[in-house]
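Engineer: Protein sequences, first through last, are from chains Y and P.
Remember, the working numbering sits 1 above the position in the first sequence when you count from 1.
Remember, the working numbering sits 22 above the position in the second sequence when you count from 1.
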Amino acid sequence: MGRYFLRRLVISVPVLLFVTLIAFTLVNLAPGDPVTSMINPATRAELGPDWVKERQAALGLDKPIVYRYGIWIKEVLRGNLGYSLIGGQSVSGQVGARIGPTMLLMASAIILGTLIGIPLGMYSALRPNSWPDYLLTIFGFLAISTPIFFLGLAMMYIFAVHLQWLPTSGMRTLGKPKSVGDLIQHMIMPVTALAMIHIPLVMRYTRASMIEALRQDFVTTARAKGLREQWVIVRHAFRNALIPLITIIGLSLPEMLSGAVITETIFQWPGMGLLALRAVNARDYPLVLGVILVTAFMVLISNLISDLCYGIADPRIRFK
Amino acid sequence: MSDQVLVETPPQVWTNRTFAGRGYPRMRAFMRHRLALAGFIVVLALALIAIFAPVLAPYDPNAVDLFATAQGPSRAHLLGTDDIGRDVLSRVIYGARVSLSVGLVSVTIYVAIGMVLGSISGYFGGWIDSTIQRFTDAVMCFPSLIIIIAAVAIIGPSIYNVMIVIGLLTWPGICRLVRGQILQLREREFVEAARALGASPTRVIFAHLLPNTIAPITVAATFGVAAAILTEAGLSFLGLGVQPPTPSWGNMINTAQSAAVLQNMPWLWIPAGVMIALAVLSINFVGDGLRDALDPRSAHR
Numbered sequence: 002m003g004r005y006f007l008r009r010l011v012i013s014v015p016v017l018l019f020v021t022l023i024a025f026t027l028v029n030l031a032p033g034d035p036v037t038s039m040i041n042p043a044t045r046a047e048l049g050p051d052w053v054k055e056r057q058a059a060l061g062l063d064k065p066i067v068y069r070y071g072i073w074i075k076e077v078l079r080g081n082l083g084y085s086l087i088g089g090q091s092v093s094g095q096v097g098a099r100i101g102p103t104m105l106l107m108a109s110a111i112i113l114g115t116l117i118g119i120p121l122g123m124y125s126a127l128r129p130n131s132w133p134d135y136l137l138t139i140f141g142f143l144a145i146s147t148p149i150f151f152l153g154l155a156m157m158y159i160f161a162v163h164l165q166w167l168p169t170s171g172m173r174t175l176g177k178p179k180s181v182g183d184l185i186q187h188m189i190m191p192v193t194a195l196a197m198i199h200i201p202l203v204m205r206y207t208r209a210s211m212i213e214a215l216r217q218d219f220v221t222t223a224r225a226k227g228l229r230e231q232w233v234i235v236r237h238a239f240r241n242a243l244i245p246l247i248t249i250i251g252l253s254l255p256e257m258l259s260g261a262v263i264t265e266t267i268f269q270w271p272g273m274g275l276l277a278l279r280a281v282n283a284r285d286y287p288l289v290l291g292v293i294l295v296t297a298f299m300v301l302i303s304n305l306i307s308d309l310c311y312g313i314a315d316p317r318i319r320f321k
Numbered sequence: 023m024s025d026q027v028l029v030e031t032p033p034q035v036w037t038n039r040t041f042a043g044r045g046y047p048r049m050r051a052f053m054r055h056r057l058a059l060a061g062f063i064v065v066l067a068l069a070l071i072a073i074f075a076p077v078l079a080p081y082d083p084n085a086v087d088l089f090a091t092a093q094g095p096s097r098a099h100l101l102g103t104d105d106i107g108r109d110v111l112s113r114v115i116y117g118a119r120v121s122l123s124v125g126l127v128s129v130t131i132y133v134a135i136g137m138v139l140g141s142i143s144g145y146f147g148g149w150i151d152s153t154i155q156r157f158t159d160a161v162m163c164f165p166s167l168i169i170i171i172a173a174v175a176i177i178g179p180s181i182y183n184v185m186i187v188i189g190l191l192t193w194p195g196i197c198r199l200v201r202g203q204i205l206q207l208r209e210r211e212f213v214e215a216a217r218a219l220g221a222s223p224t225r226v227i228f229a230h231l232l233p234n235t236i237a238p239i240t241v242a243a244t245f246g247v248a249a250a251i252l253t254e255a256g257l258s259f260l261g262l263g264v265q266p267p268t269p270s271w272g273n274m275i276n277t278a279q280s281a282a283v284l285q286n287m288p289w290l291w292i293p294a295g296v297m298i299a300l301a302v303l304s305i306n307f308v309g310d311g312l313r314d315a316l317d318p319r320s321a322h323r
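1. Can you check which of these residues, I131/P, Q155/P, T130/P and V129/P, is closest to S141/P by C-alpha distance?
2. Name the DSSP bridge partner or partners of Y145/P?
3. Does the beta-carbon distance from H199/Y to M273/Y come in below 8 Å?
4. Thinking C-alpha only, which one of L300/P, N273/P, L303/P and A58/P is nearest L290/P?
5. Any residues in the segment 269-287 of chain P with a beta carbon nearer than 7 Å to a beta carbon of chain Y? Which ones, in chain order?
6. Determine, using beta carbons only, whether L121/Y comes closer than 8 Å to chain P.
7. Looking at A194/Y and L152/Y, is the spacing between their C-beta atoms short of 8 Å?
8. With a threshold of 16 other CB atoms inside 10 Å of the CB of G182/Y, please say whether the residue is buried or exposed.
9. Quick one: is T147/Y buried, meaning 16 or more other Cβ sit within 10 Å of its Cβ, or exposed?
10. Quick one: grab the DSSP three-state call for T264/Y.
11. Would you call the segment 279-294 of chain Y in contact with the segment 163-180 of chain P, where contact means no fewer than 3 C-beta pairs closer than 8 Å?
12. Using a Cβ-Cβ distance cut-off of 8 Å, determine whether L190/P contacts chain Y.
13. Of the residues T207/Y, S253/Y, I189/Y and V233/Y, which one's Cα is nearest the Cα of W270/Y?
14. Can you pull the chain Y neighbours of L260/P, defined as C-beta to C-beta under 8 Å?
15. Grab me the residues of A126/Y's own chain with a C-beta within less than 6 Å of its C-beta, minus the 5 sequence neighbours each way, in chain order.
16. Using a C-beta cutoff of 8 Å, does Y158/Y count as contacting chain P?
17. Pull out every residue of the segment 238-255 of chain P whose Cβ sits closer than 8 Å to any Cβ of chain Y, in chain order.
18. What residues of chain Y sit near G147/P, judged by a beta carbon separation below 8 Å?
19. Is the segment 59-66 of chain P touching the segment 99-119 of chain P, taking contact as three or more C-beta pairs under 8 Å?
20. Give me the subset of the segment 298-315 of chain P whose CB atoms are less than 8 Å from a CB atom of chain Y, sorted by chain position.
21. Determine the DSSP secondary structure at D183/Y, reduced to helix, strand or coil.
22. Taking 8 Å as the CB-CB cut-off, is R240/Y touching chain P?
23. If we call anything under 8 Å between Cβ atoms a contact, is V289/Y one with V28/Y?
24. Chain P partners of A144/Y, CB-CB under 9 Å?
25. Is the segment 241-257 of chain Y close to the segment 294-307 of chain Y, with three or more CB pairs under 8 Å?
26. Residues of chain Y with a CB under 7 Å from the CB of I169/P: which are they?
27. Quick check on the DSSP output: the alpha helix (DSSP H) that includes P287/Y runs from which residue to which?
28. For F109/P, write down the residues that DSSP places opposite it in a beta bridge.
29. Using beta carbons (cut-off 8 Å, strictly below), is R284/Y in contact with chain P?
30. Can you list, in chain order, the residues of the segment 113-138 of chain P whose Cβ is nearer than 8 Å to any Cβ on chain Y?
31. For Y84/Y, name the three-state secondary structure that DSSP assigns.
32. Would you say C197/P faces chain Y, with C-beta separation under 8 Å as the test?
33. Could you say which of I159/Y, S180/Y and R224/Y lies nearest to A281/P if we only look at CA atoms?
34. Taking the beta carbon of A223/Y as the centre, do at least 16 other beta carbons fall within 10 Å, making it buried, or is it exposed?
35. Quick one: does S19/Y have its CB under 8 Å from some CB of chain P?
36. Give me the Cα-Cα distance between Q186/Y and Q285/P, rounded to the nearest whole angstrom.
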């Protein structure tokens, strides 16, 4: 087990290196540099080109890009993601404040999606090629084909604007004392919209994995022993079918984070997606870089964790 | 549907036959292909709409009519007009051009990148393979929409930049697919024969290996077109894709972010949303049908 995990960990070092390299290169493609973009052109003309060069030297901008990458990595490793161009707050502080709401949204959507997706996938797998299976397949296709912003707006139109059952946006009602009930009301629509990304994925995997499990020899053996069908399904097939599903969360996380950008924008949910969009619109590059890096890191970590869980649940994996 | 299908519906009894998954493969295959066919017809219709947009659109999509602003659907404007009097139906028709061209061009770009990197990776193996694979892993770590909005913001939002950015950032799937295929193929006799005849690696890859990976790539590329259309719509919805006044389904829905439009002018955003869902759904059905047709293993699941 230790060796298996160590191998996974060693592999992710170059991945992390490439992640930082890609993010750094991307943001350095941005036009202009901090000195020229922060100083009013008129003032800059007065101060003269020598002053600009001096400032650039002071910020290390005259050094070659490889050298700057080195400095930047050193700071990132110390937890310093730089400072926002607008307002000058620390990037790590701003991102840190937004992680909580995004995690709450995504964790709820993943839990809800899994709780709905597994039974639906099971149902399909037990009656393959029947009408319900067929309808569920179509539902899955519809769910992956409907843009999440259209679904979100349609829900808002129906449940918030017309029926007025749910609040349109935000995380809390202003002027009301903080309460869990209020929070849940605000969560229903964004979580449902986001869960629609997760449900079809879980459903499809459960179905395939369950059909595969039911074909295995140990299921035949269990039936041959004369076990009751329900027992065979629940204790033998289902347990084994669940194992590959562990990787699903790791797999769907990048897509969920992408979905979070749109969901948070529609419902004005104060998370990282909204922060990313604001940073991008304000051309606040250090903040953009911070968000890119933190989300990529989250994906990398969750992949590692799901690999680890997979290794624990299925010993065969460790020796592949 | 037809009576024959209803007759074939399996009995709702838990028998070993149904559990084994061998139940009624024909019905599923039949329905699947029916969906693929329906999808193909819709895609074809959308392509024709996109090509003949100038003929089909009742108005110029950018013509402003200040005497007919924010009108609901009527006989003169079947889907109504927007807040500066542009005909929504015409804009929806022209929007098909944006969606389909972004889908096709960006997928062409990333299939090319994925094929080249994947075949180099699979053919040469060793450190070249592991470097390319770690790089692929790294690209996959970035949530696509987050890195795409960042890239588009940096190089500037426009339809061409959207195509390029989607193309440059979504190749890892194809890369892995091609690599896996090449790893299997390169041990086969015909490859050995080609090598023995003195074929260069480039020739072996392009003339002997890649042609054998066309089937799975076609399936992946079809699903890819659907995904790229969704991405473009998402970007345009966020205001970082196709820029107004050029109509795109995504930027038409963008207007619904204002409460007044959302509440009082549903004709502005519902048709565009339905068109995106319809286009993406149809392309996914075609992809599913192709997968069944081209991959014998998945056909009778």
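Backbone N, C-alpha and C define an ideal beta-carbon position, used for all residues, glycine too.
Predicted model, so just to flag it, every value in this text is computed and none were measured.
Structural biologist: According to the structure shown:
1. Counted from its first residue, the second sequence places residue 141/P at position 119. Checking every option, the nearest Cα to that of S141/P belongs to Q155/P.
2. Indexing the second sequence from 1 puts residue 145/P at position 123. Bridge partners of Y145/P: none, in fact.
3. Stepping through the first sequence from its first residue, residue 199/Y is reached at position 198. Stepping through the first sequence from its first residue, residue 273/Y is reached at position 272. Contact flag unset, no.
4. Your numbering for residue 290/P matches position 268 in the second sequence. Nearest option by C-alpha distance: N273/P.
5. I275, A278, L284 and Q285
6. As a first step, residue 121/Y is located in the first sequence; it is residue number 120 there, counting from the start. No, L121/Y does not count as interfacial toward chain P.
7. Numbered from 1 along the first sequence, position 151 holds the residue referred to as residue 152/Y. Numbered from 1 along the first sequence, position 193 holds the residue referred to as residue 194/Y. Yes.
8. To locate residue 182/Y, count along the first sequence from 1; it is residue 181. Exposed, since its Cβ has fewer than 16 Cβ neighbours within 10 Å.
9. Reading the first sequence from its first residue, position 146 is the one you call residue 147/Y. Classification of T147/Y: buried, given that the 10 Å Cβ count is 16 or more.
10. By 1-based counting over the first sequence, the position of residue 264/Y is 263. T264/Y: helix per DSSP, three-state reduction.
11. yes
12. Numbered from 1 along the second sequence, position 168 holds the residue referred to as residue 190/P. Not closer than 8 Å to any Cβ of chain Y, the Cβ of L190/P fails to qualify, so no.
13. Here residue 270/Y corresponds to residue number 269 of the first sequence, with the count starting at 1. Nearest C-alpha to W270/Y: I189/Y.
14. Residue 260/P sits at position 238 when you count from the first residue of the second sequence. Ordered by position in chain Y, the residues that pass the 8 Å Cβ test against L260/P are V262, I263, T266 and L278.
15. Reading the first sequence from its first residue, position 125 is the one you call residue 126/Y. Result list for A126/Y: R208, M211 and I212, in chain order.
16. For the purposes of this step, residue 158/Y is identified with residue 157 of the first sequence, where counting begins at 1. Yes, Y158/Y lies at the interface with chain P (some Cβ there is under 8 Å from its Cβ).
17. A248, L252 and A255
18. One-based indexing of the second sequence puts residue 147/P at position 125. Neighbours of G147/P on chain Y: none; closest Cβ ~16 Å, over 8 Å.
19. no
20. I298, A299, V302, L303, N306, F307 and D310
21. Numbered from its first residue, the first sequence carries residue 183/Y at position 182. Helix, per DSSP.
22. Sequence index remark: in the first sequence, residue 240/Y carries index 239 (1-based). Cβ-Cβ to chain P under 8 Å: no for R240/Y.
23. Translated into the one-based positions of the first sequence, residue 289/Y becomes position 288. Translated into the one-based positions of the first sequence, residue 28/Y becomes position 27. Contact flag set, yes.
24. Against the first sequence, residue 144/Y aligns to sequence position 143. The premise fails here: A144/Y is roughly 10 Å from chain P at the closest Cβ pair, so nothing lies under 9 Å.
25. yes
26. Against the second sequence, residue 169/P aligns to sequence position 147. Those are I293, listed as they occur along chain Y.
27. Taking the first sequence and counting its residues from 1, the one referred to as residue 287/Y is at position 286. Run containing P287/Y: Y286 to A314, per the alpha helix (DSSP H) assignment.
28. One-based indexing of the second sequence puts residue 109/P at position 87. In the sequence under discussion, the amino acid at residue 109/P is Asp, which differs from the Phe named in the question. Answer by DSSP bridge pairing, in chain order: T103/P.
29. Reading the first sequence from its first residue, position 283 is the one you call residue 284/Y. True, the Cβ-Cβ gap to chain P drops below 8 Å.
30. none
31. Residue mapping note: residue 84/Y aligns to position 83 of the first sequence, counting from 1. DSSP places Y84/Y in strand when its eight states are reduced to three.
32. The residue given as residue 197/P occupies position 175 in the second sequence. With 8 Å as the cut-off, C197/P does not count as an interface residue toward chain Y.
33. Stepping through the second sequence from its first residue, residue 281/P is reached at position 259. Ranking the options by Cα distance to A281/P, first place goes to I159/Y.
34. If you number the first sequence from 1, residue 223/Y lands on position 222. Buried is the call here.
35. By 1-based counting over the first sequence, the position of residue 19/Y is 18. This sequence places Phe at residue 19/Y; Ser is not what is there. It does: the Cβ of F19/Y has a partner Cβ on chain P nearer than 8 Å.
36. Translated into positions along the first sequence, residue 186/Y becomes position 185. Translated into positions along the second sequence, residue 285/P becomes position 263. Rounded to the nearest angstrom, the two C-alpha atoms are 20 Å apart.
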